[in-house]
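Let me begin by presenting the structure, written as structure tokens, before commenting on it.
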Amino acid sequence: MAKSLIIVESPTKAKTITKYLGRGYTVIASVGHVKDLPTSKLGVDLERDFAPQYVTIKGKSKVLAEIKKKAEEADKVFLAPDPDREGEAIAWHLAEELNGKSKKKKDGKVFRVLFNEITESAIKRALQSPGQIDMKLVNAQQARRVLDRIVGYQGSQLLWNKVRRGLSMGRVQSVAVRLICEREAEREAFRTEEYWSITALLAGTIPPPFEARLHSINGEEASIGTAEQAQRMVSALEGKTFTVTSVERKEKKRNPVAPFITSRLQQEAARKLRFTSKKTMTLAQQLYEGIEIGTEGATGLITYMRTDSPRISQEAMADVRQVIMERFGQEYLPGTPNVYKTQKAAQEAHEAIRPTSASRDPESIKQYLEEDQYHLYKLIWNRFIASQMVPAILDVTRVESSPLNTPDRYLFRSSGTVVKFPGHTIVYMEGVDKELFSQKPKQDEETEDGAERQLPVLAEGERLRLVEQPEQTIAGITSKQHFTQPPPRYNEALLIKELEEKGIGRPSTYAAIISTIQDRKYVEKIEGRFIPTETGRTVNDFLMKGFPDIVNVDFTSQLEEELDEVEEGNKPWIDAVRDFYNPFTADLEKAKSIPGPKDTVEPPTNIPCEKCGRMMEIKWGRNGKFLACPGYKDDPPCKNTQNFEKLPDGTIKIVPKQELTTDQICDKCGSPMVVKTGRFGKFIACSAYPACKTTKPLALGVKCPQPECGGDLVQKRTRKGRSFYACSRYPQCEFALWDRPVNKACPTCSAPFLIEKVSKQDGRSVQCRNEDCGYREAG
Numbered sequence: 009m010a011k012s013l014i015i016v017e018s019p020t021k022a023k024t025i026t027k028y029l030g031r032g033y034t035v036i037a038s039v040g041h042v043k044d045l046p047t048s049k050l051g052v053d054l055e056r057d058f059a060p061q062y063v064t065i066k067g068k069s070k071v072l073a074e075i076k077k078k079a080e081e082a083d084k085v086f087l088a089p090d091p092d093r094e095g096e097a098i099a100w101h102l103a104e105e106l107n108g109k110s111k112k113k114k115d116g117k118v119f120r121v122l123f124n125e126i127t128e129s130a131i132k133r134a135l136q137s138p139g140q141i142d143m144k145l146v147n148a149q150q151a152r153r154v155l156d157r158i159v160g161y162q163g164s165q166l167l168w169n170k171v172r173r174g175l176s177m178g179r180v181q182s183v184a185v186r187l188i189c190e191r192e193a194e195r196e197a198f199r200t201e202e203y204w205s206i207t208a209l210l211a212g213t214i215p216p217p218f219e220a221r222l223h224s225i226n227g228e229e230a231s232i233g234t235a236e237q238a239q240r241m242v243s244a245l246e247g248k249t250f251t252v253t254s255v256e257r258k259e260k261k262r263n264p265v266a267p268f269i270t271s272r273l274q275q276e277a278a279r280k281l282r283f284t285s286k287k288t289m290t291l292a293q294q295l296y297e298g299i300e301i302g303t304e305g306a307t308g309l310i311t312y313m314r315t316d317s318p319r320i321s322q323e324a325m326a327d328v329r330q331v332i333m334e335r336f337g338q339e340y341l342p343g344t345p346n347v348y349k350t351q352k353a354a355q356e357a358h359e360a361i362r363p364t365s366a367s368r369d370p371e372s373i374k375q376y377l378e379e380d381q382y383h384l385y386k387l388i389w390n391r392f393i394a395s396q397m398v399p400a401i402l403d404v405t406r407v408e409s410s411p412l413n414t415p416d417r418y419l420f421r422s423s424g425t426v427v428k429f430p431g432h433t434i435v436y437m438e439g440v441d442k443e444l445f446s447q448k449p450k451q452d453e454e455t456e457d458g459a460e461r462q463l464p465v466l467a468e469g470e471r472l473r474l475v476e477q478p479e480q481t482i483a484g485i486t487s488k489q490h491f492t493q494p495p496p497r498y499n500e501a502l503l504i505k506e507l508e509e510k511g512i513g514r515p516s517t518y519a520a521i522i523s524t525i526q527d528r529k530y531v532e533k534i535e536g537r538f539i540p541t542e543t544g545r546t547v548n549d550f551l552m553k554g555f556p557d558i559v560n561v562d563f564t565s566q567l568e569e570e571l572d573e574v575e576e577g578n579k580p581w582i583d584a585v586r587d588f589y590n591p592f593t594a595d596l597e598k599a600k601s602i603p604g605p606k607d608t609v610e611p612p613t614n615i616p617c618e619k620c621g622r623m624m625e626i627k628w629g630r631n632g633k634f635l636a637c638p639g640y641k642d643d644p645p646c647k648n649t650q651n652f653e654k655l656p657d658g659t660i661k662i663v664p665k666q667e668l669t670t671d672q673i674c675d676k677c678g679s680p681m682v683v684k685t686g687r688f689g690k691f692i693a694c695s696a697y698p699a700c701k702t703t704k705p706l707a708l709g710v711k712c713p714q715p716e717c718g719g720d721l722v723q724k725r726t727r728k729g730r731s732f733y734a735c736s737r738y739p740q741c742e743f744a745l746w747d748r749p750v751n752k753a754c755p756t757c758s759a760p761f762l763i764e765k766v767s768k769q770d771g772r773s774v775q776c777r778n779e780d781c782g783y784r785e786a787g
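What follows is the structure in structure tokens.
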């Protein structure tokens, strides 16, 4: 019997596909990329048209050997990584490896197949019409990787020399940090202004009463800046009779929105579900690769989740229209399918993110899904169904009214909306999901105005009376104080929207961008909003001076368009890299002469050390600037440090170190232990210091991986001062490692924690400890 080998990226996907195919197929996972640029050097030949020097990723030799062995035994080899640039590059590297020792490719036995969804019909259909590797996609990915390596290697080295060790520069992430820093600068420069609104509670012949807000005075927009002005107007309007000056009624359609593309999914999941973009993409990957659904077994629930096309296949269109007809009725089904405009440069071969079967509604499979998987699947299913339904029909009424017998012409305005026919909104409506969130959205949250209110039947010329409000001292008229608000900080939804509108990055990269700038401590998220750290501001200031092109929004957007041209086959990838490299090298040379924080010698402050009396100096550490005693080099050293902030007039103010009391008790004196911060980070110390000088390392929130140990990993230091991480139960447990553990399970192999790596090429990155896995973030 003929044997065929299918190579995918994910073990989960391999398991799902195996279920659909017969005994003649073997499915194996490459577990992501198998080859990449080397980690120990630049890996790009700048003198020979930027030729990349690919090497086998550390830990992937065993995987490659197994793939080659299976390929020799197979009659056909199908390369089936994900259907995007990254997947095409993985397929290309695999093909090169197989071609090195196998004659299969020469005989036309190695093929490329695309699985847009992991369903039995889609997989078998793809296998019946395999193709070849698309070198245009490979070259687009290759250009992006080379560009990012050049910036990461050469730019990061400069940051190490000019600012601080461990920092990194990224071609796209630096622009994202710039946007966040600029928004923070706008907020700091913003000056709040007071203004007032005036509202009348009116009643006509037919109830109910309704509110009307002052819109204009003598034909000009109402502008009330003080309480005195507001009070004068309220007094002038007290007790007046109003008349309806105009009534405007019109029917309005609210059209459905397109099914999800990657960026829209990330934005809506952030708004409605409060998911980070990384979490959204991780959950979507799980839904795409397959979930165990009762007797069906592993089943792919959604189509591929990295797409910028709202296109829907004819088969899926027929499926969703049948579901709408059966569940909602003929009146909810449009006469012809709704077709949505494709964005410029979108890959037409891709489909929108949709359920693999419209008839598989969220409630029918809820019991098989984790809570977050269920909520994301429901979001995707609802949006897809609604996208093929008829518009909602609304009655919109606007009423204008004015008081009689006043020296000035006051115009009040009221508006109301009544849903005549819900249409698609019966299934899905953009905004906050009321089933999941009962609290009101923040004022600067981007949400659809869902407040529908009905006005009474009114006619032009009708007299209106002010309605007494028992809780107010003035009949029917109220004034309210407001203050102008600064532009909102970016949350994930707003930042993704801004990146997309400005052409920075591409939808498949947004999650990585947002994770990277947080992992590298350039920004932090507080109450769901991004705020630049001192490190982020410092790096951004230096890059703005030294690399004006690299952090220029238009320049970065233009480069993304050039990469799209490479993908379309309209531009050689080497030319795209050269268009970027030439201005980059020019900026790099200029930046070397620009002074950075390391080049600036801060004079001693006028703040004495509380321990030895010397004047404290400003130093730069991993978490930003701090005050340090100059006696740290003495014998014995004075290691006193203090946090500080600079006031607008330039003076320095000591910021008391916040000590968080823990539930631990000192072993020596019985006092509570508190969290303190020193030169090398946080640690636990006795609250009775200096009487008791007991200290302990602070647990990192990561459990020791040794079986049945139960200890926590903590940071320790060698005799020579080098940091390492070991089990808190030493010497009973001798587990230790040099790399800092990160309390996050590996999404690829489910290892209990990841580790943080630092290199001059890519700065800080997070990756899996398991070398055979190869998972890596923010490289």
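Just so we're aligned, residue 9 is where the sequence shown starts under the working numbering, counting upward by one. Think of the CB as a built atom: it goes at the ideal place given N, C-alpha and C, for glycine as much as any other residue. None of these values were measured; they are calculated from a predicted model.
Rounded distance between the beta-carbons of residue j and residue i, thought under 8 Å
| i | j | result |
| --- | --- | --- |
| GLU201 | PHE491 | 7 Å |
| LEU745 | CYS735 | Not a contact, Cβ separation roughly 10 Å. |
Rounded C-alpha distance that separates residue i from residue j
| i | j | result |
| --- | --- | --- |
| ASN560 | LYS374 | 46 Å |
| SER409 | THR213 | 14 Å |
| LYS442 | LYS280 | Residue placement at LYS442 is poorly supported in this model, since its pLDDT is 35, which falls under 50; the coordinates still yield a value, given next. Going by the C-alpha atoms only, they are around 9 Å apart. |
| ARG282 | ILE673 | 37 Å |
| ILE525 | GLU219 | 46 Å |
| LEU419 | GLY484 | 16 Å |
| ILE654 | ALA277 | Contrary to the premise, residue 654 reads as Lys rather than Ile in this sequence. Using only the alpha carbons, I get a separation of about 39 Å. |
| GLY30 | ASP747 | 44 Å |
| ASN651 | GLY658 | 16 Å |
| GLU17 | CYS776 | 16 Å |
| ARG737 | ALA134 | 54 Å |
Test item: CB-CB of residue i and residue j under 7 Å
| i | j | result |
| --- | --- | --- |
| PHE732 | PRO749 | no |
| LYS619 | CYS646 | yes |
| GLN275 | ILE504 | yes |
| ASP44 | ILE65 | yes |
| ILE692 | LYS701 | no |
| ALA394 | HIS432 | yes |
| THR337 | THR24 | The question names Thr, yet the displayed sequence has Gly at residue 337. In this structure, THR24 does not lie closer than 7 Å to GLY337 by Cβ. |
| ILE36 | TRP100 | no |
| ALA97 | VAL146 | yes |
| LEU295 | ILE310 | yes |
| PRO366 | ILE320 | A small correction: the amino acid at residue 366 is Ala; Pro does not occupy that position in the sequence shown. No. Outside cutoff. |
| CYS189 | PRO496 | no |
| PRO267 | ARG335 | no |
| GLY782 | GLY32 | no |
| TYR312 | MET397 | no |
| LEU102 | ILE14 | no |
| ALA211 | ARG421 | no |
Own chain residues within Cβ distance below 8 Å of residue i, not counting five before or after
| i | result |
| --- | --- |
| ASP416 | ILE225, ASN226, ALA244 |
| LEU166 | MET177, GLY554, LEU596, ALA599, LYS600 |
| ASN778 | GLY67, CYS754, CYS757, ALA759 |
| VAL774 | ASP527, VAL750, LYS752, LEU762, ILE763, GLU764, LYS765, ARG784, GLU785, ALA786 |
| LYS533 | GLN526, ILE539 |
| THR26 | TYR33, VAL35 |
Spatial neighbours of residue i in its chain, beta-carbon cut-off 7 Å, leaving aside the 5 residues before and after
| i | result |
| --- | --- |
| GLY789 | This structure does not reach residue 789, given that the chain is present from 9 up to 787, and the question cannot be answered. |
| GLY308 | THR24, GLU125, ILE126, THR127, TYR296, GLU297, GLY298, THR364 |
| PRO138 | PHE86, PHE119, ARG120, VAL121 |
| ILE626 | GLU610, THR613, LYS633, LEU635 |
Own chain partners of residue i with C-beta closer than 6 Å, once the 5 adjacent residues on each side are dropped
| i | result |
| --- | --- |
| PRO515 | THR270, SER271, ASP316 |
| GLY639 | CYS620, ARG622, CYS646 |
Exercise for the section: Could you say if the region 84 to 91 and the region 120 to 127 meet the contact criterion of at least three C-beta pairs nearer than 8 Å? Expected result: The answer is yes - the region 120 to 127 touches the region 84 to 91, with three or more Cβ pairs under 8 Å.
Handout entry: Touching by the beta-carbon criterion (3+ pairs, under 8 Å), the region 461 to 473 and the region 237 to 256
Key = The region 461 to 473 makes contact with the region 237 to 256, as at least three CB pairs between them are under 8 Å.
Practice task
Kindly confirm or deny that the region 540 to 560 and the region 600 to 617 touch, where touching means at least three C-beta pairs closer than 8 Å.
Solution key: Contact between the region 540 to 560 and the region 600 to 617 is present: 3 or more CB-CB pairs across the two stretches fall below 8 Å.
Practice task
Spell out a yes or no on whether the region 334 to 350 and the region 287 to 304 are touching, meaning 3 or more CB-CB pairs, one atom from each, closer than 8 Å.
Solution key: With a cut-off of 8 Å on Cβ pairs, the region 334 to 350 is not in contact with the region 287 to 304, counting fewer than three such pairs.
Handout entry: the region 141 to 161 contacting the region 325 to 344, beta-carbon criterion three pairs below 8 Å
Key = Output reads no: the region 325 to 344 does not touch the region 141 to 161.
Problem - Stretch-stretch touch, CB-based, cutoff 8 Å, three pairs: the region 155 to 165 with the region 44 to 58 - result: Short answer: they touch.
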